[in-house]
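One structure is given below, encoded as structure tokens.
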Amino acid sequence: MKAASISQLKEELNVLPQKEVVALCLRLAKYKKENKELLAFLLFDAHDVEGYLQSIKNEINDAFWYLPQQNWYFYKKGLRKILRDIQKHSRHIGTKEAQVEMLLHFCQNMKNSGMPFQQHTAVNNMYIAQIKKLNMLIDEVHEDLQHDYRKKLNEL
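Numbering (our numbering) for the sequence shown: 28 to 183.
Here's what the structure looks like:
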């Protein structure tokens, strides 16, 4: 079965009555956790992106607090989970500025964690990859914000 294009779906949704569209959205939200999270963001948090970003930063802080400090394997695994969550939330928000904010916060937490990650190659490479990603993302945001973000990035 071939999936329909976005334009075809949009046309069909415009034709359907509102009750059917609501029923389809609820049915879609039932099947995947990601769909439910996206729908919850669009309904409840899309109007307050700054507050949503702050709550994500608090989640990142909590996740860093609970990272295991004794074992590099589990530390690295925890960092990957945090990065997956950042990617998921940045897809929800959909702006480069929000992604830059979250990644800057991640890198600051990583640097302030007290773990000597420079000694562990895999974790250090993960940190360097995020710095490279930040450089590319900062080039894509508005010029006024670029200067502020570059200053924060240079502090890292």
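Beta carbons: idealized from backbone N, C-alpha and C, even for Gly.
Just so it is clear, the structure is predicted and the values come from calculations on it, not from any experiment.
Within the model, the alpha-carbon separation for residue 34 versus residue 43 is close to 15 Å. Assigned with DSSP and collapsed to three states, residue 72 falls in helix.
125 is the residue among 143, 125 and 145 whose C-alpha sits nearest the C-alpha of residue 169. Between the segment 73-80 and the segment 88-97 there are fewer than three C-beta pairs closer than 8 Å, too few to call the two in contact.
Around the beta carbon of residue 127, a 10 Å sphere encloses 16 or more other beta carbons of the protein chains shown; the residue is thus reported as buried.
Inter-residue distance for residue 100 and residue 47 is about 48 Å (C-alpha atoms, whole angstroms).
Judged by DSSP in its simplified three-state form, residue 142 adopts coil rather than helix or strand.
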